[in-house]
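K.L.:
Here you go, one structure.
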Amino acid sequence: MRNIPHVLVVAGSDSSGGAGIVRDIETLAAFGVKASVAITAVTVQTHHGVQGVDAVAPERVAQQMRAALSANPIAAVKIGMLATPATIAAVAQILVDHPDIPVVLDPVLVSTSGRALLTPDATDALRDLFRACTLVTPNLPELSVLAASTVASSPDSVAGQARSLLMAGAKAVLVKGGHAGGVEAIDLLVQPEHADQSFASPRLAASMRGTGCMLASAIAARLAFGDPLAAAIARAKAFVHGKFRET
Ligand code: PLP
């Protein structure tokens, strides 16, 4: 029998299906990977806005993760919306016991419609989670918030801000350049003792929700198959670009 890897998704639900755990599972399925889940929050959403959020109790999130890890051979973890600092701490505590599993963290702070998906007091806890992560994938607005909470005077350059996340414990940072202008969407991979690497794809006029969820899940899927980090990112980016072309 073919050995199909499992990815554990720790994320919120989105009733519209545009983002969150639905996007994650769709993406993992497209890569031929099985999904296990730990739901962190139930959100009520349309494509225009977030109407309600119920955070799941942190201990319930931890129980889901423990059950998933004992039920299936988890080859990678993808983390999305975490909702509260207590949930972040609960997730971090479990990951400490599984240091060999690659972890991709999409540090979700707000929805595209502007609703906070993480309480503002949670950025310190989020930084503590970095230490457990193989890769953190902020977009430009998330990067500047996280960098500002990391060092007293945040550097101006994107690479400098990404390095401040490395100093806070992240093993690698992929800055998603989708919010910048330009004819290409350029993502920047910053790692300690490596030259920075960029990944470019032509910018398309289309807009699509849940792209951050898709990219992080696609990277986790390829890491679950054993790809090196840069190769996993390149394949994930090509996948998201393909989805944009379909819209
Ligand atoms: N809702 C949930 C549950 C999410 O996890 C995310 C992003 O990860 C979003 C909404 C935000 O998606 P969008 O920016 O497409 O609104």
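Numbers 249 to 495, taken from my numbering, label the letters of the sequence shown in order. C-beta: ideal position from N, C-alpha, C; glycine also. Just so you know, these numbers come straight off a predicted model, no measurement behind them.
Pick from HIS427, ALA468, PRO476: whose alpha carbon is nearest that of LEU452?
P.N.:
Distance check between LEU452 and each of HIS427, ALA468, PRO476 places HIS427 closest, using alpha-carbon atoms only.
K.L.:
Using DSSP with H/G/I as helix, E/B as strand and the rest coil, what is ASP376?
P.N.:
Reduced to three states, the DSSP call for ASP376 is helix.
K.L.:
Please report the distance separating the alpha-carbon of PRO450 from that of THR459.
P.N.:
15 Å
K.L.:
Quick one: which unbroken alpha helix (DSSP H) runs of 4-plus residues sit fully inside the stretch 299-345? Chain order, please.
P.N.:
306-319, 333-344
K.L.:
What distance in whole Å lies between the Cβ atoms of ILE342 and ALA324, which are believed to be in contact at a cut-off of 8 Å?
P.N.:
No, ALA324 and ILE342 are not in contact; Cβ-Cβ is about 14 Å, not under 8 Å.
K.L.:
So what's LYS491 in DSSP terms, helix, strand or just coil?
P.N.:
helix
K.L.:
To the nearest angstrom, report how far apart VAL431 and LYS485 are at their CA atoms.
P.N.:
Computed Cα separation, rounded: 16 Å.
K.L.:
With a threshold of 7 Å (Cβ to nearest heavy atom), would ASP302 be considered close to the ligand PLP?
P.N.:
no
K.L.:
In angstroms with no decimal places, state the Cα-to-Cα distance between MET249 and ARG411.
P.N.:
Bear in mind that a pLDDT of 48 at MET249, under 50, signals an unreliable position, so the number given afterwards is only what the model happens to contain. Each residue's Cα considered, the two are about 43 Å apart.
K.L.:
Counting along the chain, where does the beta strand (DSSP E) carrying SER261 start and finish?
P.N.:
It spans 254-262 - the beta strand (DSSP E) in which SER261 sits, taken as one unbroken run.
K.L.:
In whole angstroms, what separates the C-alpha of VAL421 from that of PRO306?
P.N.:
26 Å
K.L.:
Buried or exposed for THR288, please, with buried defined as at least 16 other CB atoms from any protein chain shown within 10 angstroms of its CB.
P.N.:
buried
K.L.:
Keeping to the same chain, check which residues put their C-beta closer than 7 Å to that of ALA478; ignore five residues upstream and five downstream.
P.N.:
LEU437, GLN445
K.L.:
Going by the beta-carbon positions, is the gap between GLY260 and GLY266 smaller than 8 Å?
P.N.:
no
K.L.:
Tell me which residues share the same chain as ALA373 and place their Cβ nearer than 7 Å to its Cβ, disregarding the 5 neighbours each side in the sequence.
P.N.:
PRO333, ILE336, ALA337
K.L.:
If we ignore side chains and look at the alpha-carbon of each, how far apart do ASP404 and ALA380 end up?
P.N.:
26 Å
K.L.:
What is the rounded straight-line gap between the Cα of ARG314 and the Cα of VAL344?
P.N.:
Between ARG314 and VAL344, the C-alpha separation is close to 12 Å.
K.L.:
Report yes if the CB atom of PHE487 is closer than 8 Å to the CB atom of ALA454, and no otherwise.
P.N.:
No, the pair does not count as a contact, with Cβ atoms beyond the cut-off.
K.L.:
What does ALA283 pair with, by DSSP beta-bridge criteria?
P.N.:
Under DSSP, the beta-bridge partners assigned to ALA283 are VAL255.
K.L.:
So is THR398 buried or exposed if we call it buried at 16+ other beta carbons inside 10 Å?
P.N.:
buried
K.L.:
Measure the alpha-carbon distance for GLN439 versus VAL423 and round it to whole angstroms.
P.N.:
11 Å
K.L.:
Specify, as a first and last residue, the run of the beta strand (DSSP E) that GLU432 falls within.
P.N.:
432-438
K.L.:
Using the three-state DSSP reduction, which class does ALA479 fall into: helix, strand or coil?
P.N.:
helix
K.L.:
In whole angstroms, give me the CA-to-CA distance for ALA469 and PHE279.
P.N.:
6 Å
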